[in-house]
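Note that numbering that gives the first Met the number 0 numbers the sequence shown so that position 578 is 577, with each residue one more than the last.
Built from N, CA and C at the ideal position, the CB exists for glycine as well.
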Amino acid sequence: MTAPPLKPRLDHDHLRDLLKAMIRIRRFEDKCAELYTQQKIRGFLHLYDGEEAIAAGIIPLLGAQDRVVATYREHGHALARGIPMASILAEMYGKAEGCAGGRGGSMHLFSRDHLFYGGNAIVGGGLPMAVGLGLADRMEARDSVTACFCGEGAVAEGEFHESLNLAALWGLPVLFVCENNGYAMGTALRLSESQTDISAKAACYGIESTSVDGMDVVAVEVAARRALRHIAETGQPYFLECRTYRFRAHSMFDAQLYRSKEEVAEWREKGPILRFQTWLDQNGLLHSDEVSRIIVETDEEIAKAVAFAEAGTDEPLESLTRFVMSPDRPAPPVPVKPGPMIPTTYREAVRGAIVDAMTRDPKVFLMGEDVGHYGGCYAVSKGLLDQFGPERIRDTPLSESGFTGAGIGAAIAGMRPIVEVMTVNFSLLALDQILNTAATLRHMSNNQFGVPVVIRMATGAGKQLAAQHSHSLEGWYAHIPGLRVLAPATMEDARGMLWTALQDPDPVLIFENVMLYNREGEIAENAGPVDIDRAAIRRDGTDVSLITYGGSLFKTLEAADKLAEAGISAEVIDLRSLRPLDMKTIIASVTKTRRAVMVDEGWKTGSLAAEIGMRLAEEAFYELDAPLARVCSEEVPIPYAQHLEQAAIPQSARIVATVKQIMDTTP
C-alpha cells in the first residue's frame, strides 16, 4: 500500500471532515436508537456512541484497494468507509434495498464495492478472515492492507491469539484495531483479563504494537498513520489498541446494571466529539455556525435515509433460499474415454489430485497441520513441499479455527486454498468458522461474497484410535445449508472430486475415510474431474437398494456378494455427495427394488441415514414393499479394543442380516 503521510494535515477542511465524520455517526445512531424503540429496527442493536473517533480517525486513511473487517458494532465503520447511509439503514430495516438485501441486519453490513466484509456476531470471529485476506494479498503481491476491528472482549477468545500468531508468523499486511471500551458486554476488563494491557499481549507475538487515547481523534489518526506506514514499509502486521468507552448499553436490550450512571457521566465529559469540538472552538479553528451547518447537513441526510428505508420493499418469499449457494456453478465435467489403467492407492490418488490442481492453477495452495515437512498425518502430501515450496505447501500451527478461518478469508479474496484439517474430530475446533462464516457468507451478504474453499479431513473408525480419534461426523456437516459435503470412496473419486470441488464457487468439505488410504486398485491414466452432484450405482440389483458412502462402500459391496449367494439381488448406491443428496438416483433405485437399507458409519440417532429414510418416506412411501432399515454405528463412543471397535461400526455381516430381516417381512 501507499502509506499516508505521518503527520495529519490539520487545515480547516480536514478538521471539519473529522468533526463531521464523528457527528454523522453519532446522530445517525441516535436516530437508530429512536427507531429501535419504535420497533422499526429489530433484533440486537449495538451502538458506537463514544467510539466515533476510532472509525473517523482510521478508516478514511485506507485506500480503495484496502479491506475492512468490522465487528457487530459496525455502523460507524460502515459510514466511515463510505457505504451510503440510506442503504445501511434500509439493511437495518431488513429491506431488499439494504446493503445486504436485508439478510444481514444491524450486525452484518456488507459491501463488495467498498471491500467491506461485514460485521461478525461471533466475538473475534472476523480475525481469522482478516488474516486470510491479508494472506491472499501477500501471496498475490497486491498493494493492499486489511484493517480488522475487534473489541477488547475478543482478546479472551482463542481466535484472537491464533490470528495474531499467524499474521506475525507469515508477515501479513493486517492492521488489527482493538476498540477497548472497557466492558465485554457487562464484564469489566479487570474482571476478565489477568493482563489488562492489550497492546502488551499483541507484542508477545512479535507484532509492532501501541496504545492510543481512543477518545482523541487526532491522536488516533496520528497512530493510524504510523501503523499504516509500518505495514507499507515492512509488510508486517501492526496492532493498535484504542482506549475508549461506550456511552450506551452493550446493546439496546442491556439494562446496564454493571456500571453506575456516575461513571458514564464522567466519561461523557471526555467524549470524542465534545473534546474535539471544544478544542476547535478554543483555538478558533471552526466557528459555531459551521458546526450548526454540519448538524443540519447530517440531519438532512438522516431524514433522507429514513425515508428511503421506510419506502423499502420486502424481499419476496419466493427468493428465501436464493444465494444459499451460488447461482453460477460450472457445468458438470464431460466424461472422457478412460485411458490405460495404472496401479495406485487411495492415498496416491488424493496426492495426484493435489499435484494436478497446483500445477494447473497458481492460486491453489495447501495449508494445514504437518502438511509440509511432515508430509501429512496420513502421508498424503509427502514430497509436495519439495515440489511446490513453503508458500504453497503451508504448515500451520495447531490452531484449527485460526488457519481454517484464514483459508476462508483467502478464498473470499480470490485464492483457491485446500485446507487440511488433520482429523474430523479436530474440525470441531474450527466449527465456528465453517458454520458461521463459510456456510453463511454468500446468503448473508446477498451474493456479494462467496467462499470457494475446499476443506479436507480424515474421518471414520477402524484403526483402534479410541473415542476421540474415531468420529464419523460428516452427517453433522451435511446438516448445514451453504456447504457441499463429499465422501469419495473410489480411486476415481479420490482424484476427481478435488478437481471439481476447486472449480466450485462455494465451500466444499471432503471427508476421506481413514481405512481407505492404503486401499490398492487401478485408475485410468487420464483420470480427471468427476461430477460431484450425482450418486453412483456401484452394483445393479433388483431386490433391495443398499445406500451408503465412503468407507462403508466396500463393506456394502461385500455384503451384496454374500446376499447374491443367498439369492438376493442387491443394488449398491454410493452417495458420493452427502449435501446435496441425489434423491433422484436413490428414489429411482428404490422404485425398482421396493426396499431400502441405509448403511452409515455415523451414530443412528440424528444420522444421515435417518435423513435419507425420512426423505424416502416423504417422497417414495408408496414405492416401498417393506419397512426401511438402517445399519449404523452403535450408540457408544468408539472403543479402543479391536473386537469392541469392530462391533461398534457397520460390518458386512450386520448388513446381510438386516437385509434378510426386511426380506422376511415382505408380504
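An exposed status is given to N282, since fewer than 16 other beta-carbon atoms sit within 10 Å of its beta-carbon.
Here G150 has T70, R72, V122, C177, E178, N179, N180 and A183 as same chain residues with Cβ atoms under 8 Å from its own Cβ, once five neighbours each way along the sequence are excluded.
Taking each of A616, A609 and P649 in turn and checking the Cα distance to G549, the smallest one comes out for P649. Listed in chain order, the alpha helix (DSSP H) elements of length 4 or more contained wholly in the region 183-212 are 188-191 and 197-202.
Secondary structure note for M366: its beta strand (DSSP E) is the uninterrupted segment V363 to G367. Annotation for I392: the continuous beta strand (DSSP E) segment containing it runs I392 to D394. Taken atom to atom, the span from the alpha-carbon of F109 to that of V452 is near 20 Å. Between the alpha carbons of H113 and E51 lies a gap of roughly 19 Å.
Excluding the 5 residues flanking it on each side, P3 has same chain C-beta neighbours closer than 7 Å at L60, R224 and L227, in chain order. Here the alpha carbons of F322 and N445 stand approximately 7 Å from one another. The alpha carbon of F387 has as its nearest neighbour, out of A409, I407 and D355, the alpha carbon of D355. Only exposed fits K6, as fewer than 16 other CB atoms lie within 10 angstroms of its CB. Between the region 603-616 and the region 420-436, the count of C-beta pairs closer than 8 Å stays below three; the two stretches do not touch. Counting along the chain, no alpha helix (DSSP H) covers N179; the unbroken beta strand (DSSP E) around it starts and ends at V173 to N179. When A248, V571, E368 and V513 are compared, the shortest CA-CA separation from A535 is found for V571. Under the DSSP definition of a beta bridge, W602 partners with S632. The Cβ-Cβ distance between G118 and M106 falls below 7 Å. Less than 7 Å divides the Cβ of F115 from the Cβ of V67. Taking one beta carbon from each stretch, the region 545-562 and the region 594-602 have 3 or more pairs nearer than 8 Å; the two touch. A460 is positioned such that its CB atom lies closer than 7 Å to that of I637. With a contact defined as Cβ atoms closer than 8 Å, A493 and V484 miss out at about 16 Å. For the set M514, A466, P504 and P480, the Cα lying nearest the Cα of A486 is the one of M514. If the five residues before and after R533 are omitted, its C-beta is found closer than 6 Å to the C-beta atoms of D581, all from its own chain and listed in chain order.
Under the three-state reduction of DSSP, E240 is assigned to strand. With a contact defined as Cβ atoms closer than 8 Å, G338 and N525 qualify at about 4 Å. DSSP places G131 in the helix class (H, G or I) of the three-state scheme. N512: member of the beta strand (DSSP E) spanning V507 to N512, first to last residue. Following the DSSP letters along the chain, one finds E521 inside the beta strand (DSSP E) bounded by residues E519 to A523. Assignment of D573 by DSSP, reduced to helix, strand and coil, places it in the strand class. CA-CA distance, C631 to K603, rounds to 5 Å.
About 13 Å separates the beta carbon of S208 from that of F159, a gap too long to meet the 8 Å contact definition. As the crow flies, the alpha-carbon of S86 is around 14 Å from that of H76.
Ranked by how close their Cα comes to the Cα of I417, the residues H468, H442 and M496 have M496 in first place. Residue state for R258 is assigned as coil, using DSSP reduced to three classes. By the criterion of a C-beta distance shorter than 8 Å, T297 is surrounded in its chain by K19, I22, R23, R26 and F27, once the five residues flanking it on both sides are discounted. For A488 and L552, the gap between their C-alpha atoms comes out near 7 Å.
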